[in-house]
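If you're matching positions, the sequence shown starts at 30 in our numbering and goes up one per residue. Yeah, the Cβ is synthetic: ideal placement off N, Cα and C, and Gly gets one too. To start, the structure itself, in C-alpha cells.
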Amino acid sequence: MIYLDSTATTIVLKEVADEVYRYLTEEFGNPSSAHSLGVRANTLVEEARSVLLKSIGLENSHLCIFTSGGSEGNTQVLKGIAKLYPNKSMVFGGIEHNSVRTASTDLLIDGFDVKTVNVEKDGSINIDRLLDLIDKNTKLVSIMTVNNETGIVFPVEEIAKRVKEKNPSCLVHTDYVQGFMKVPVVLKHFDFITVSGHKIFAPKGIGALFIKKRLNLPSLISGSQEYGLRGGTHNVSGIAGLKKAAEILKDKIEENYRKTLDLRGIFKKSLAKKLTGFEIFEPEKFSPYILGLFVKGIKSEVMVRMLSEKGVYLSAGSACSSKETVKSRTIQALGLNPDEYLRISINPVVNSREDMEKAATLISETVKEYRDLL
C-alpha cells in the first residue's frame, strides 16, 4: 500500500494507539468524578492542555478547549460570534474549509452580514482588498492557514496584524488544521485557532479550539465542562492520543518539513520522466504536504478508483466534500478544472523515497492504460 491521503486522515501511530488503549481500558475514569480514577483522568486532561498550548506558543495567552475536531471548532467560533454580535459583520476567505463555508452560508441565510474576499488566480489573497472589506462594524475575520485542497499557505500572521491595526476590536480566527505540527506560524495575534487530531496521527473525533483569555464565546453543547465553553463528558482517550501525537511531533516540525520537501521533489522528478500531459499546481507559498496534480483528459474520480485497485490511495480533492455533487469551489475559484484534479498528500512519517518513485510509476502506467482505451 502506498498511502498518499494523509490530508484526509492519518494512520494512528502505535505509540498513540497504545496510549489511547490505556485510557480506554485502565485509566478510564470520568474527569468529573471525585475518586482517584477520575482525578487521574482530570490530570491527563489538564496536562494535555498544557502540552498543546506550549506546542504552538500560546501557554500564557489562550485557553485550550477540547472539541470533536476542526469542524466543530470552526462552527463554534462563527456561530458563537454571530450570536453575541448579531448586528455586526464577518469577513471570510474565498476558499475556506467546507465547515466554514457552510456555517457562513447559514449565517447569510439568517440575515447576518457576511463578506468574502476572493482569491487571486494564483490562489493568493490581496490583503489590501481584504482590508477594504473591514470597517468599524466588522467583528470577525476568518482566514485558514493552509488550504486543505491545494496546500496554499496564506500570510495569516500579516493578515492578523493588519486587521488589528485597522480595527482593534475585530476578532481574528484561523483554521490551523492543515498547518498544526506541519507549517509553523506565530499565532499570538489570533483570538481563535482550530486544530484536529486525525491529521497528526491521533484518533478521529478529537480536536482543540484555542481561545484568547478573557474572551467570551457561547457553547454549541451546553454543560459545565471546558470552562462552560463545551459541554459533555471528556473524550479522555482521544485527548490522551492527541497529547501523545503532539509530544511526538512538536520537536520534529522542521525536520519533517524538509523531508517532505525532498519527497515532493522526488515525486515530481520521477513523474516528469514517465508522464506527459500533466500539470502540477504549485503556488508561490505552499505546504509541501499537499500537491495538486492535473492529468489532461482524465477524470480524477476514475484515476482514484484505478489507482486504488493498485494499492495507491489518494484523493480527488477534499475528503469533506468528495461526496458532494457540486464541483470543488476551491479549484474553480482558481480558474482550474476540478474534474481533472488529484490531491496527493505526502508525509515523511508514512511515505518513503521508494513510495514516491513507485507512485509516480503507477500513476504514469495508469494514465497510459486509460489513454490507450480512448
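- Between the alpha carbons of Ile31 and Asp384 lies a gap of roughly 6 Å.
- In this structure, Ile268 keeps its C-beta atom at 7 Å or more from the C-beta atom of Phe57.
- Excluding five sequence positions before and after Lys112, the CB atoms of its chain that fall closer than 8 Å to its own CB belong to Pro247, given in chain order.
- Note that the C-beta distance between Ile373 and Leu402 is not below 7 Å.
- Look at Ser62 here: in three-state DSSP terms it is coil, with no helix or strand label.
- The beta carbon of Val331 lies closer than 8 Å to those of Tyr399 in the same chain, with the five residues before and after it left out.
- For Ile40, there is no enclosing beta strand (DSSP E), as DSSP gives it neither H nor E.
- The three-state secondary structure of His227, taken from DSSP, is helix.
- When Cβ pairs closer than 8 Å are counted between the two stretches, the segment 105-125 is seen not to touch the segment 73-82, the count staying below three.
- Contact between the segment 288-306 and the segment 271-279 is absent, with fewer than three C-beta pairs closer than 8 Å.
- CA-to-CA, the gap between Lys165 and Pro197 works out to about 9 Å.
- Of the other Cβ atoms in all chains shown, 16 or more fall within 10 Å of the Cβ of Ile172; this residue is therefore buried.
- For Thr104, the uninterrupted alpha helix (DSSP H) run begins and ends at 99-113, by DSSP.
- Secondary structure at Ser35: coil, using DSSP grouped into helix, strand and coil.
- Counting C-beta pairs with one atom in each stretch, the segment 154-164 and the segment 117-125 have three or more that are closer than 8 Å, which means they touch.
- Bounds of the beta strand (DSSP E) holding Thr145 are 142-146.
- Within the same chain, Cβ atoms closer than 6 Å to the Cβ of Gly364 are found at Lys150, the five residues on either side in sequence being excluded.
- In the structure shown, Phe296 falls within a helical segment according to DSSP collapsed to helix, strand and coil.
- Nearest in C-alpha terms to Glu283, of all of Tyr318, Glu255, Val265, Asp47, is Tyr318.
- A Cβ-Cβ contact shorter than 7 Å links Leu169 with Ile110.
- Within the same chain, and ignoring the five residues on either side of Glu369 in sequence, the residues whose Cβ sits closer than 8 Å to its Cβ are Phe323, Val324, Lys325, Gly326, Ile327, Lys328, Ser329.
- A check of alpha carbon separations from Val333 across Asp280, Val396, Phe310 identifies Val396 as the nearest.
- A check of alpha carbon separations from Tyr114 across Val129, Gly140, Gly102, Ala70 identifies Gly140 as the nearest.
- For the pair Lys228 and Ser84, the CB atoms are not nearer than the 7 Å cut-off.
- A residue is called buried once 16 or more other Cβ atoms fall within 10 Å of its Cβ, and Lys211 is buried on that count.
- Boundaries of the beta strand (DSSP E) around Ala237: 236-241.
- Asn177 is the residue among Asn177, Leu66, Leu87 whose C-alpha sits nearest the C-alpha of Ser100.
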